[in-house]
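These notes concern the structure reproduced below.
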Amino acid sequence: MNSIVVNLMQVKQRIELAVLAAKREPEEVELLAVSKTFPASAIEEAMHAGQSAFGENYVQEAVEKISQLAKLRPWLVWHFIGPLQSNKTREVAEHFDWVHSVDRLKIAERLSAQRAEFPGLAELQVCVQVNVSEEASKSGIPLSEAQALCDAIAQLPQIVLRGLMAIPAPSVDPAEQRKAFAQVRECFQQIQATRLTDSGYQFFDTLSMGMSDDLEAAIAQGSTMVRVGTAIFGKRAKITP
Ligand SMILES: *Cc1c(COP(=O)(O)O)cnc(C)c1O
């Protein structure tokens, strides 16, 4: 198995090639390293290779690692990307910089109110998770309801609405893959276009889509942030959260 450093270089190369193929600019696509199930030492290794943004799915596990790496906190940006229950929002509001998986107003309201309890922290950066392959997943709001949810979240004081996140059902058919990503991009662009002058949408610039197996297709369809785990850290052991 390759080292994390080599894997990271290869993933960056894949991103570069995909960006070139899509005639986009390299700085348009950010890499989020998904470190769930891997220890703090793996995160540190990636950090020393220049990676600063890390994604985690399970609150307890993440908070443990964030405390273990407290000394490095100024150099790290923590993104929560997993399903989020109401009883876990406080810890997320306290420890994370970003949340990609907001799909209900109630969760966003709790995050905003709880973030206010930590006055030293900047506003929480939030993406609304949309569900493109509706039968396959229970997470995410249907595309048709995304704009209304965004409008409500954009008003919340301790939150900056950054964009949309999607996890399309895995498909071996590239045309299916492209179609799902394209639908999310169209929804994103439509919201951008209709909310151009709305101050709540000033930083609405993030399209979080694409993982180890489909980052090329996602970048071709406008992704601005790919969330990559396996291709950087290796295969995950099965865990039951
Ligand atoms: C685990 C996970 C990823 C990374 O998936 P890989 O296939 O390992 O790259 C990305 N996004 C979310 C939401 C995840 O849960």
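First residue of the sequence shown? That's 8 in the working numbering, and the numbers climb one at a time after it. For glycine and all other residues, C-beta sits at the position ideal for the given N, C-alpha and C. Since this is a predicted model, take the numbers as computed values, not measurements.
Cβ-heavy atom distance, residue i to ligand 1, below 7 Å
i	result
Ser219	yes
Arg169	no
Arg21	no
Thr96	no
Val235	yes
Ile88	yes
Asn64	yes
Ile174	yes
Lys72	no
Ala238	yes
Val133	no
Lys43	yes
Per-residue burial, residue i [other beta carbons within 10 Å of its own, 16 or more giving buried]
i	result
Thr44	buried
Asn9	exposed
Asn94	exposed
Lys242	exposed
Val221	Sequence check: residue 221 is Asp here, not Val. By the 10 Å Cβ count, Asp221 comes out buried.
Glu223	buried
Gln92	exposed
Gly127	exposed
Val18	buried
Thr231	buried
Residues bridged to residue i (per DSSP)
i	result
Ala60	Val84
Arg234	Leu39
Exercise for the section: Evaluate the contact criterion for the segment 56 to 63 versus the segment 35 to 42: three or more CB pairs, one atom per stretch, below 8 Å. Expected result: With the cut-off at 8 Å, the segment 56 to 63 and the segment 35 to 42 touch.
Practice task
Kindly confirm or deny that the segment 194 to 207 and the segment 119 to 130 touch, where touching means at least three C-beta pairs closer than 8 Å.
Solution key: Counting Cβ pairs under 8 Å, fewer than three are found: no touch.
Handout entry: Contained alpha helix (DSSP H) runs [length at least 4] in the segment 8 to 32, N- to C-terminal order
Key = Those alpha helix (DSSP H) runs which fall completely within the segment 8 to 32 and span 4+ residues are 11 to 28.
Practice task
Mind the definition here: the segment 184 to 191 touches the segment 101 to 111 only if three or more C-beta pairs lie below 8 Å; say whether that holds.
Solution key: Contact fails: fewer than three Cβ-Cβ distances are below 8 Å.
Handout entry: Contact the segment 143 to 158 vs the segment 98 to 105: 3+ CB pairs below 8 Å
Key = Below 8 Å, too few C-beta pairs join the segment 143 to 158 and the segment 98 to 105 to call them touching: fewer than three.
Practice task
Quick one: which unbroken beta strand (DSSP E) runs of 3-plus residues sit fully inside the segment 161 to 216? Chain order, please.
Solution key: Runs of the beta strand (DSSP E) inside the segment 161 to 216: 166 to 173 and 213 to 215.
Practice task
Taking only runs that begin and end inside the segment 76 to 155, name each unbroken beta strand (DSSP E) of 3 or more residues, in chain order.
Solution key: When DSSP assignments are scanned along the segment 76 to 155, the uninterrupted stretches of beta strand (DSSP E) that are 3 or more residues long and fall wholly within it turn out to be 84 to 87, 105 to 109 and 131 to 138.
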